[in-house]
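**Student:** Residue numbers (the numbering used here): 225 to 348.
If you want it as structure tokens, here you go:
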């Protein structure tokens, strides 16, 4: 009970918008215990049929392999739904950026330092 409550204090997925597009702001530690919450939030966004969406890791403090795997699943689901996705992770978020770079996730997940939009999807 206390562990679950503490985990919810240390992690939050907030649904918001960025430039009028749906976004999920991930705060805290994205790991094996919390990645299901991100998966549920992604389901909610994709069910609404967006033209594009953002997962913002700017306030994510830790990322393990389960969290990284969830980001890959999110990218695949978005691609399968025909919805452009951007994962935002600024260079100064070194703990998370290090994991993304070590796992070479840029090959599977569109990672940017800040969101950019053009037309119905994304641009630079």
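Cβ coordinates follow ideal geometry from the N, Cα and C atoms, glycine included.
Which word fits residue 239, buried or exposed, when buried means at least 16 other C-beta atoms lie within 10 angstroms of its C-beta?
**Tutor:** exposed
**Student:** Compute the Euclidean distance between the alpha carbons of residue 319 and residue 253, then round it to the nearest angstrom.
**Tutor:** 11 angstroms
**Student:** What does the Cβ neighbour count give for residue 259, buried or exposed, with the cut at 16 atoms within 10 Å?
**Tutor:** buried
**Student:** With residue 270 and residue 312 assumed to form a contact (beta carbons below 8 angstroms), what rounded beta-carbon distance in angstroms separates them?
**Tutor:** With a Cβ gap of about 18 angstroms, residue 270 and residue 312 do not count as contacting.
**Student:** Since residue 253 sits in a beta bridge, which residues does DSSP pair it with?
**Tutor:** 286
**Student:** Distance check for residue 310 and residue 321, CA to CA, integer angstroms please.
**Tutor:** 15 angstroms
**Student:** Among the candidates 256, 280, 255, 264, whose CA atom is the shortest distance from the CA of residue 241?
**Tutor:** 280
**Student:** Give the secondary structure of residue 316 by DSSP, where H, G and I count as helix, E and B as strand, and everything else as coil.
**Tutor:** Three-state result, residue 316: coil.
**Student:** In whole angstroms, give me the CA-to-CA distance for residue 291 and residue 256.
**Tutor:** 6 angstroms
**Student:** Taking only three categories from DSSP, how would you classify residue 246?
**Tutor:** Strand at residue 246.
**Student:** With residue 296 and residue 332 assumed to form a contact (beta carbons below 8 angstroms), what rounded beta-carbon distance in angstroms separates them?
**Tutor:** Right, the Cβ-Cβ distance comes to about 5 angstroms (below 8 angstroms), so this counts as a contact.
**Student:** What's the C-alpha gap between residue 288 and residue 244?
**Tutor:** When rounded, the separation of the alpha-carbon atoms in residue 288 and residue 244 is 30 angstroms.
**Student:** Looking only at its own chain, which residues have a Cβ that is under 8 angstroms from the Cβ of residue 226, when we skip the five neighbours before and after it?
**Tutor:** Because the pLDDT at residue 226 is just 43, under 50, the model does not fix this residue reliably, and the value given afterwards should be weighed accordingly. Counting only Cβ-Cβ distances below 8 angstroms, and skipping sequence neighbours, we find nothing.
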